[in-house]
Amino acid sequence: MFTANELIDSRVKSGKAGVVCKLDIQKTYDHVNYNFLIYVLNKMGFGGGWIGWIHFYLSSSSFAVLVNESPTDFFLPSRGLRQEDPLSPVLFLLVMEMLTRMIEAASSVRLISGFTVSSSGSSMPSTKVSHLLSADDTIFFCDNDCEQLLNLR
28 MFTANELIDS RVKSGKAGVV CKLDIQKTYD HVNYNFLIYV LNKMGFGGGW IGWIHFYLSS
88 SSFAVLVNES PTDFFLPSRG LRQEDPLSPV LFLLVMEMLT RMIEAASSVR LISGFTVSSS
148 GSSMPSTKVS HLLSADDTIF FCDNDCEQLL NLR
């Protein structure tokens, strides 16, 4: 992540202490809550037909587990997106969009500061970066302040 390296280098050069928190989101497909996903679809203005289709998609799978080589009864999951399903990345992006909006809201009311980036000698205004998202990582930036760390948590 070139951008993260540049942010950290800029922060080190400024001499101001800061916190970089990197989260590995590799297994988060397993933890997407269906009710939250339906809530997100409603909030983002998806139509009832689409939400119904997604709800059916989420609730149409069932699982059984082998216990001592004997299958249990089938049960319905309440969370988790299907691995290797072409729709799962899109649904996961909607959930991550909500995380982005929450971080941006926290940053806008100064609950989390982010790192400031400015070009020395440039007429361009400085920019604050509170987080970066990549395929399987999320990186948060904030001041070295206990209150901001609690807000991030």
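Per the working numbering, the very first residue in the sequence shown carries number 28; after that it's consecutive. All C-beta atoms, glycine included, are put in the ideal place defined by N, C-alpha and C. Just so we're clear, the structure is a prediction, and the values are computed from it rather than from any experiment.
- The DSSP-derived three-state label of Leu114 is coil.
- Under DSSP, Pro98 shares a beta bridge with Leu93.
- A Cβ-Cβ separation of about 6 Å places Thr165 in contact with Ile52 under the 8 Å criterion.
- Taking the Cα positions, Lys70 is about 37 Å away from Thr99.
- Arg109 and Val122 have their C-alpha atoms roughly 15 Å apart.
- Looking from the CA of Lys155, the closest CA among Ala133, Asp163, Ala162 and Leu176 belongs to Ala133.
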